[in-house]
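Since the structure comes first, as structure tokens, the remarks are kept for the end.
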Amino acid sequence: LGVGNEEGSPGTTERRIWMQKLLESLTLVFPPRLTADYTRAGWCYLKEGINGAWLAAWILLHKRTLFFSPSSGKMCEIDLRKARCIVLQDGEDGCVRVVEKGPLIRIDSPSFAYYLQMNEQRETKAWCRVIREASVDNGPLLHEQQLTKDDLPTIIDKCINFVYAHGSMSEGIYRRSGSNSNVSKLITAFQKDAWAVQITRNDYTEHDVASVLKRFFRDLPEPLLTSQLHKVLCNAAVLECVEEEKVSLYRSLLEKLPPVNYVTTRRLMGHLHHIHQQCERNLMPVENLSAIWGPTLMHVESGMDPNWSKKESEVVGDLISLYPRLFHVGGAELAREQRIQEVLERYHNSVQQTPQTTKPSGDIKVWVYIGSRDSDCVSVTVGPQREALDVCNELCPKMNVYGHELCLLESVLGGALLRPLHHTERVLDTVLRWGYWDDQDCRDNCLILVINTIIRDIQPLAKPPVAQCGELRFADLKSKAFKVYIFEFSQAKLCCYKDKLGSVKLGEWKIEDIVWYIGHEPKRNPHTRWSLTFIHKNNRSKRSKENPFFGYTIAGTTRDEQLRWMAAMLVGEFPHVDLLPKPQLNFLE
Numbered sequence: 063l064g065v066g067n068e069e070g071s072p073g074t075t076e077r078r079i080w081m082q083k084l085l086e087s088l089t090l091v092f093p094p095r096l097t098a099d100y101t102r103a104g105w106c107y108l109k110e111g112i113n114g115a116w117l118a119a120w121i122l123l124h125k126r127t128l129f130f131s132p133s134s135g136k137m138c139e140i141d142l143r144k145a146r147c148i149v150l151q152d153g154e155d156g157c158v159r160v161v162e163k164g165p166l167i168r169i170d171s172p173s174f175a176y177y178l179q180m181n182e183q184r185e186t187k188a189w190c191r192v193i194r195e196a197s198v199d200n201g202p203l204l205h206e207q208q209l210t211k212d213d214l215p216t217i218i219d220k221c222i223n224f225v226y227a228h229g230s231m232s233e234g235i236y237r238r239s240g241s242n243s244n245v246s247k248l249i250t251a252f253q254k255d256a257w258a259v260q261i262t263r264n265d266y267t268e269h270d271v272a273s274v275l276k277r278f279f280r281d282l283p284e285p286l287l288t289s290q291l292h293k294v295l296c297n298a299a300v301l302e303c304v305e306e307e308k309v310s311l312y313r314s315l316l317e318k319l320p321p322v323n324y325v326t327t328r329r330l331m332g333h334l335h336h337i338h339q340q341c342e343r344n345l346m347p348v349e350n351l352s353a354i355w356g357p358t359l360m361h362v363e364s365g366m367d368p369n370w371s372k373k374e375s376e377v378v379g380d381l382i383s384l385y386p387r388l389f390h391v392g393g394a395e396l397a398r399e400q401r402i403q404e405v406l407e408r409y410h411n412s413v414q415q416t417p418q419t420t421k422p423s424g425d426i427k428v429w430v431y432i433g434s435r436d437s438d439c440v441s442v443t444v445g446p447q448r449e450a451l452d453v454c455n456e457l458c459p460k461m462n463v464y465g466h467e468l469c470l471l472e473s474v475l476g477g478a479l480l481r482p483l484h485h486t487e488r489v490l491d492t493v494l495r496w497g498y499w500d501d502q503d504c505r506d507n508c509l510i511l512v513i514n515t516i517i518r519d520i521q522p523l524a525k526p527p528v529a530q531c532g533e534l535r536f537a538d539l540k541s542k543a544f545k546v547y548i549f550e551f552s553q554a555k556l557c558c559y560k561d562k563l564g565s566v567k568l569g570e571w572k573i574e575d576i577v578w579y580i581g582h583e584p585k586r587n588p589h590t591r592w593s594l595t596f597i598h599k600n601n602r603s604k605r606s607k608e609n610p611f612f613g614y615t616i617a618g619t620t621r622d623e624q625l626r627w628m629a630a631m632l633v634g635e636f637p638h639v640d641l642l643p644k645p646q647l648n649f650l651e
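Counting in my numbering, the sequence shown runs from 63 upward without gaps.
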């Protein structure tokens with residue numbers, strides 16, 4: 063024990079056999095399909111989430127999947143393609159049972175943050191290295207890329223988001239080429255680690271990023287719509303039939319795509335459908351888009367008949383035009399897109415009316431009040447990647463304090479509702495969200511730069527356990543009057559129960575699906591010392607005769623109680639980052 067031995071073998075086959083026999087002599091928890099070909103296996107302590115309990119577990123790395131079997135016996139797996147971050151972090155909250163205290167491995171997956179620790183520091187560091195290498199081992203095929211939680215390649219998600227915000231209205235988007243050096247640089251960065259790539263307007267134009275997206279699809283060994291479906295899709299495009307029959311035929315063919323291909327096709331066609339809707343500005347109607355994207359998404363071997371190119375363009379043209387019907391896009395989703403489009407249009411018009419001293423970027427200018435909504439305001443340029451802390455650092459000289467001591471406050475309903483933005487929040491997301499609302503609810507909305515007292519008061523309470531439970535007064539979208547119910551916040555969900563037994567659940571809201579504010583709208587009064595109002599993040603209900611009020615409101619009696627509820631919800635929403643930004647030096651003017 064404690065002595066490492068290194069053995070060699072004549073070839074790969076013999077090595078795999080030896081590795082399989084050695085592992086099976088130690089444990090039989092893994093099936094032969096895994097033990098026959100794995101990269102590394104061992105024993106560790108593991109927990110799910112910051113509040114989870116440490117469990118002893120066998121772990122095995124097979125290609126880009128990490129399997130683990132805790133002592134409870136249930137086999138679990140982590141798809142490392144979807145791991146946003148794999149790092150070594152300080153072992154202050156490590157497992158007390160390890161032989162040698164040291165750092166932890168944190169794997170941020172879509173469902174949980176997993177924490178792993180081995181008995182020795184050296185072993186922990188070695189595991190972190192091989193797990194990270196597996197996670198970024200991007201191959202040439204579509205399913206071999208790093209993925210979002212929805213199985214969409216991260217490179218595609220980031221490029222589409224950037225072009226959506228910066229290039230939707232740019233003339234010749236996807237027709238004009240970007241800088242070759244910038245395109246190559248960005249593709250190389252995505253190949254190394256797609257999750258680590260940050261696309262900024264300072265470094266890239268919308269045409270650079272659009273060219274990256276086109277080149278990525280063009281360079282795939284197997285086209286997005288697959289060689290297998292190439293001929294039948296082309297035949298479907300030229301088939302003379304009523305539109306309903308064509309929609310049905312396309313649907314049946316698209317459903318034969320591999321899962322990652324299908325998700326990617328849906329997202330890309332939705333994006334191109336949006337670009338087509340802006341064709342009066344960008345001069346890229348569906349005919350222009352399909353001429354570019356047909357050969358890009360359906361490229362075949364050079365020996366194929368060149369006449370296929372026209373049919374390929376017709377296929378992609380149909381997929382763009384028929385997108386809402388092909389992919390069962392509901393009215394609510396289309397309405398959200400329309401509202402976002404209207405917001406982008408208004409901002410685009412305001413930017414066009416402002417003299418440009420630099421090359422037009424498509425970034426949005428927003429007004430920020432300094433200190434209070436009764437003070438002076440200044441304009442700030444924000445893009446999709448710009449976080450609240452970036453704005454605080456830019457404007458901190460006007461408050462004569464360091465940026466990390468400030469926060470942006472979202473003020474809505476004439477200041478009745480206030481929300482401190484977490485320092486990592488994207489400012490553009492907050493501003494665009496107002497475009498979903500009724501005009502009466504968003505006309506007085508603004509951002510205010512203030513000293514960060516709210517989150518500083520919450521910070522001491524933001525430590526595990528962060529679950530919270532108790533009686534609160536509650537009013538829904540329909541009610542002016544408040545009633546007392548039992549509320550619980552646990553596992554990043556806010557739940558409402560009819561009684562203390564919790565036998566009847568009246569409502570449940572995931573924290574990632576809501577936005578919450580301090581205060582309540584003036585039309586109703588809970589007659590308590592504090593209140594919080596929350597709304598659905600991406601689909602806030604319009605006011606109506608049946609639902610006349612803004613959001614759901616909970617209310618309680620003491621300041622300490624309010625801070626504890628806010629601490630629980632903030633930690634639930636941002637479990638992997640500090641509530642306060644790290645201090646940093648700013649040279650104040």
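Idealized CB from N, CA, C, for every residue including glycine.
CB of residue i within 8 Å of CB of residue j, strictly
{"i": "leucine 128", "j": "isoleucine 112", "result": "no"}
{"i": "tyrosine 236", "j": "lysine 187", "result": "no"}
{"i": "histidine 338", "j": "serine 230", "result": "no"}
{"i": "glutamate 456", "j": "arginine 488", "result": "no"}
{"i": "leucine 471", "j": "isoleucine 510", "result": "yes"}
{"i": "valine 161", "j": "tryptophan 120", "result": "no"}
{"i": "tryptophan 116", "j": "cysteine 157", "result": "yes"}
{"i": "alanine 251", "j": "valine 259", "result": "yes"}
{"i": "tyrosine 226", "j": "leucine 248", "result": "no"}
{"i": "proline 172", "j": "lysine 211", "result": "yes"}
{"i": "tyrosine 614", "j": "threonine 595", "result": "yes"}
{"i": "aspartate 170", "j": "histidine 638", "result": "yes"}
{"i": "cysteine 458", "j": "isoleucine 517", "result": "no"}
{"i": "valine 300", "j": "glutamate 376", "result": "yes"}
{"i": "arginine 401", "j": "asparagine 600", "result": "no"}
{"i": "methionine 346", "j": "glycine 234", "result": "yes"}
Inter-residue spacing [alpha-carbon to alpha-carbon] between residue i and residue j
{"i": "leucine 85", "j": "glycine 135", "result": "17 Å"}
{"i": "leucine 315", "j": "leucine 291", "result": "7 Å"}
{"i": "glycine 532", "j": "isoleucine 548", "result": "6 Å"}
{"i": "glycine 634", "j": "glutamine 253", "result": "32 Å"}
{"i": "tryptophan 209", "j": "threonine 327", "result": "Note that residue 209 corresponds to leucine in the displayed sequence, not to tryptophan. Approximately 14 Å between the Cα atoms of the pair."}
{"i": "glutamate 608", "j": "serine 541", "result": "10 Å"}
{"i": "isoleucine 573", "j": "histidine 390", "result": "27 Å"}
{"i": "methionine 360", "j": "isoleucine 426", "result": "35 Å"}
{"i": "valine 362", "j": "threonine 74", "result": "35 Å"}
{"i": "arginine 126", "j": "serine 241", "result": "33 Å"}
{"i": "tyrosine 100", "j": "threonine 89", "result": "14 Å"}
{"i": "serine 371", "j": "serine 352", "result": "10 Å"}
{"i": "glutamine 553", "j": "isoleucine 576", "result": "15 Å"}
{"i": "glutamine 530", "j": "aspartate 452", "result": "32 Å"}
{"i": "glycine 497", "j": "glutamate 550", "result": "31 Å"}
{"i": "methionine 81", "j": "histidine 124", "result": "13 Å"}
{"i": "cysteine 558", "j": "threonine 515", "result": "29 Å"}
{"i": "threonine 420", "j": "arginine 313", "result": "Residue confidence is low: threonine 420 scores 41 on pLDDT, short of 50, so the model does not pin down where it sits. Its coordinate-derived value is still stated next. In a straight line, the C-alpha of threonine 420 is about 46 Å away from that of arginine 313."}
{"i": "threonine 492", "j": "cysteine 303", "result": "46 Å"}
{"i": "asparagine 297", "j": "lysine 373", "result": "8 Å"}
{"i": "aspartate 155", "j": "proline 165", "result": "9 Å"}
Among the options, nearest to residue i - alpha-carbon criterion
{"i": "glycine 153", "options": "Leu563, Arg146, Gln183, Leu122", "result": "Gln183"}
{"i": "tyrosine 177", "options": "Ser246, Glu206, Cys106", "result": "Cys106"}
{"i": "arginine 329", "options": "Cys469, Ile217, Thr619, Asp270", "result": "Ile217"}
{"i": "alanine 256", "options": "Glu195, Ala529, Trp627", "result": "Glu195"}
{"i": "leucine 381", "options": "Gly332, Cys341, Trp429, Arg263", "result": "Gly332"}
{"i": "arginine 626", "options": "Phe596, Asn600, Ala524", "result": "Ala524"}
{"i": "histidine 228", "options": "Pro347, Glu407, Pro202", "result": "Glu407"}
{"i": "threonine 262", "options": "Ser246, Cys296, Phe224", "result": "Phe224"}
{"i": "alanine 98", "options": "Thr486, Ala118, Glu76", "result": "Glu76"}
{"i": "arginine 435", "options": "Arg586, Ser239, Asn507", "result": "Asn507"}
Supposed contact pair residue j and residue i - C-beta distance, whole angstroms, cut 8 Å
{"i": "cysteine 454", "j": "glycine 445", "result": "16 Å between Cβ atoms; not a contact."}
{"i": "serine 593", "j": "histidine 582", "result": "4 Å"}
{"i": "tryptophan 355", "j": "valine 322", "result": "Contact flag wrong, Cβ pair sits at about 18 Å."}
{"i": "isoleucine 193", "j": "isoleucine 222", "result": "Rounded, the Cβ-Cβ distance is 28 Å, inconsistent with contact."}
{"i": "valine 528", "j": "alanine 630", "result": "5 Å"}
{"i": "valine 309", "j": "arginine 387", "result": "5 Å"}
Legend entry - Contiguous beta strand (DSSP E) assignments of at least 3 residues, all confined to the region 488-570: Qualifying beta strand (DSSP E) stretches, in chain order: 508-513, 530-537, 545-552, 555-559.
Inset, instruction - Quick one: which unbroken alpha helix (DSSP H) runs of 4-plus residues sit fully inside the region 594-648? Chain order, please. - result: Correct list: 621-635.
Inset, instruction - Could I get the ranges of all uninterrupted alpha helix (DSSP H) runs contained in the region 166-200, with 4 residues as the minimum, in chain order? - result: Whole alpha helix (DSSP H) segments, 4+ residues: 183-197.
Inset, instruction - Entirely within the region 85-139 and at least 3 residues each: give me those beta strand (DSSP E) ranges in chain order. - result: Here the runs fully enclosed are 102-110, 117-124, 127-132.
Legend entry - Sequence ranges, alpha helix (DSSP H) only - wholly within the region 220-303, length at least 4: Listed in chain order, they are 242-254, 268-280, 289-299.
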